[in-house]
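Below you'll find the structure, written out as structure tokens, and then a few comments.
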Amino acid sequence: METTVQDTTTLAIDGGAPVREDTLAYGGQTIEEDDIEAVADVLRSDYLTTGPAVDAFEKAFADFVGTDEAVAVANGTAALHTAMRTLGIGPGDEVIVPTLTFAATANSVVFEDGTPVFADVEPDTLLLDPESVAERITENTQVIVGVDYAGQPCRYDALRELADAHDLTLLDDACHATGGSYKGEPVGSLGDLNTFSFHPVKNMTTGEGGMITTDDSELAREMREFRNHGITSTHHERAEQGSWVYEIPDVGYNYRLTDMQCALGMSQLEKLPNWVERRREIAARYDTAFADVDAVEPILMREDSTCAYHLYVIQLDLNMLSVGREKVFDALQAEGIGVNVHYIPVHYHPFYRENFDTEEGLCPVAEAAYERILTLPVFPRMTEADVEDVVRAVRKVVSTYRR
Ligand SMILES: *Cc1c(COP(=O)(O)O)cnc(C)c1O
1 METTVQDTTT LAIDGGAPVR EDTLAYGGQT IEEDDIEAVA DVLRSDYLTT
51 GPAVDAFEKA FADFVGTDEA VAVANGTAAL HTAMRTLGIG PGDEVIVPTL
101 TFAATANSVV FEDGTPVFAD VEPDTLLLDP ESVAERITEN TQVIVGVDYA
151 GQPCRYDALR ELADAHDLTL LDDACHATGG SYKGEPVGSL GDLNTFSFHP
201 VKNMTTGEGG MITTDDSELA REMREFRNHG ITSTHHERAE QGSWVYEIPD
251 VGYNYRLTDM QCALGMSQLE KLPNWVERRR EIAARYDTAF ADVDAVEPIL
301 MREDSTCAYH LYVIQLDLNM LSVGREKVFD ALQAEGIGVN VHYIPVHYHP
351 FYRENFDTEE GLCPVAEAAY ERILTLPVFP RMTEADVEDV VRAVRKVVST
401 YRR
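Rendered as structure tokens:
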């Protein structure tokens with residue numbers, strides 16, 4: 001009897017039995033038969049790219065988020081790059097971004113030779129802090145980029161006020177928050193421009209894929225040119241008009257999304273609300289399970305928003321633990337739980353240190369949070385047993401290391 005009890009409480013990292021044998025990933029796509037059929041239908045049709053599925057997906061996505069326009073592109077990074085180019089970001093222009101984000105948010109500014117200016121986050125939500133943004137605004141600032149970290153929208157009322165007062169563009173990097181909302185308004189309609197990613201780990205997928213939403217039809221037209229080499233007409237438009245002539249007023253990239261991907265996106269979009277609901281159910285179970293684990297603090301969720309829970313992020317209270325985050329990370333991995341860390345503050349990366357003189361101390365709240373954050377698995381395909389495995393493993397590891 002006693003040995004059994006000991007076996008289950010000894011951490012796997014110390015030679016005990018793991019909570020599970022196979023590793024549960026932190027995220028993953030849901031692909032069902034109708035998704036596969038939708039892609040197969042396109043493969044049997046005339047258009048594999050620049051065809052009707054692209055227009056249909058753009059229309060459906062714009063309707064879903066409540067904007068006039070949606071522009072489909074190759075991935076979320078291309079969406080950010082397209083936005084930066086179309087907004088005219090160039091040398092000398094400053095773009096304020098939170099440091100706790102995927103690097104592509106800042107990289108896209110660098111693509112256009114602009115200067116990313118790193119702002120800090122709020123300690124409880126880890127969302128872009130409007131006060132830090134206000135401190136960073138200069139006469140060179142052009143854009144404020146909000147990142148809806150973990151799936152929770154930023155404080156757009158405050159960010160909008162700052163943008164309006166200083167005549168700046170507000171961009172929402174909404175890659176985490178597809179299907180979320182803020183004060184009743186869907187994510188995708190909160191910024192002047194809003195960017196999405198459909199990478200398999202995100203809330204819905206097209207394999208690779210991205211989208212920009214806006215109410216500005218002129219910007220949308222420019223973005224459609226930019227994603228198609230800068231050409232003013234598509235191949236099909238020219239065929240319809242019986243003409244081979246086209247013009248390139250400005251060079252662009254090939255950032256097109258194929259019809260196969262757009263058909264998959266259409267099919268996924270229909271199911272997104274249910275998937276977000278499932279993500280929220282799993283998050284609610286974690287919230288309850290960790291309410292009495294004093295060394296574990298889930299990031300704060302505001303009542304005025306609906307978080308789309310791309311990630312479920314906890315902050316460890318390191319004062320209560322005998323080890324650091326890295327050891328907790330390793331111990332949970334050993335238990336079969338695919339935890340992750342989102343993110344290394346972007347200003348820590350050598351590229352930014354070397355080229356933009358960013359140093360430790362620039363964003364103290366994000367830097368402190370970085371030492372204690374962990375991302376737990378959350379995705380719709382998780383079973384109840386998977387969810388309970390995560391709960392058991394976190395309780396087991398944290399109670400073992402509790403001071
Ligand atoms: C995923 C992500 C991106 C990049 O999207 P890709 O489709 O992988 O290029 C950009 N910003 C944030 C916040 C993301 O999470």
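Per the numbering used here, residue 1 is the first one in the sequence shown, and the count goes up by one each step. The beta carbon of each residue, even a glycine, is placed where N, CA and C say it ideally should be.
What do you get for residue i, buried or exposed, if any count of 16 or more other CB atoms within 10 angstroms of its CB means buried?
i, result
"Ala291", "exposed"
"Ala72", "buried"
"Phe196", "buried"
"Leu193", "buried"
"Gly179", "buried"
"Ala393", "buried"
"His235", "exposed"
"Met1", "Since pLDDT at Met1 reaches only 37, below the 50 mark, its modelled position is unreliable, and the value read off the structure follows with that caveat. With fewer than 16 Cβ atoms within 10 Å of its Cβ, Met1 is classed as exposed."
"Ser108", "buried"
"Ala74", "buried"
"Ile36", "exposed"
Going straight from the alpha carbon of residue i to that of residue j, what length do you get?
i, j, result
"Glu222", "Leu264", "25 Å"
"Lys396", "Thr141", "48 Å"
"Tyr149", "Thr82", "21 Å"
"Ala368", "Leu332", "21 Å"
"Gly210", "Thr99", "22 Å"
"Asp215", "Ser189", "8 Å"
"Thr77", "His199", "10 Å"
"Asp304", "Ala158", "14 Å"
"Asp7", "Arg20", "Bear in mind that a pLDDT of 46 at Asp7, under 50, signals an unreliable position, so the model cannot answer this."
"Phe61", "Ala70", "7 Å"
"Ser181", "Cys307", "7 Å"
"Ala53", "His229", "20 Å"
"Pro116", "Leu168", "15 Å"
"Phe356", "Glu240", "49 Å"
"Asn254", "Thr50", "12 Å"
"Asp63", "Thr258", "20 Å"
"Thr206", "Tyr309", "19 Å"
"Asp22", "Ser243", "58 Å"
"Val248", "Arg238", "The question names Val, but residue 248 is Ile in the sequence shown. Looking at the two C-alpha atoms, the distance is approximately 14 Å."
"Pro350", "Glu360", "12 Å"
"His166", "Leu87", "16 Å"
"Asp389", "Val313", "17 Å"
"Glu122", "Leu318", "18 Å"
"Arg85", "Cys175", "19 Å"
Who are residue i's beta bridge partners in DSSP?
i, result
"Phe64", "Phe64 is not bridged to any residue."
"Pro186", "Ser181"
"Asp173", "Val147, Thr195"
"Phe118", "Val97"
"Pro298", "Ile314"
"Ala70", "Thr213"
"Arg402", "Leu321"
"Leu376", "Tyr312"
"Asn228", "Asn254"
"Thr206", "Answer is none; Thr206 lacks a bridge partner."
"Thr49", "Thr258"
"Asn355", "Partner(s): none; Asn355 has no beta bridge."
"Leu24", "Ile337"
Confirm, please, whether the CB-CB distance from residue j to residue i is below 8 Å.
i, j, result
"Leu316", "Ala295", "yes"
"Pro377", "Ile337", "yes"
"Glu58", "Gly90", "no"
"Pro130", "Leu170", "no"
"Val346", "Val187", "no"
"Arg372", "Arg325", "yes"
"Ile96", "Ala119", "yes"
"Gly28", "Phe329", "no"
"Leu127", "Cys154", "yes"
"Pro18", "Ala25", "no"
"Leu342", "Leu311", "According to the sequence displayed, residue 342 carries His and not Leu. Yes, the Cβ-Cβ distance between His342 and Leu311 is below 8 Å."
"Val147", "Asp173", "yes"
Taking 7 Å as the cut-off, is the CB of residue i close to at least one heavy atom of ligand 2?
i, result
"Asp216", "Because ligand 2 does not appear in the structure shown, any question about it cannot be addressed here, the ligands present being ligand 1."
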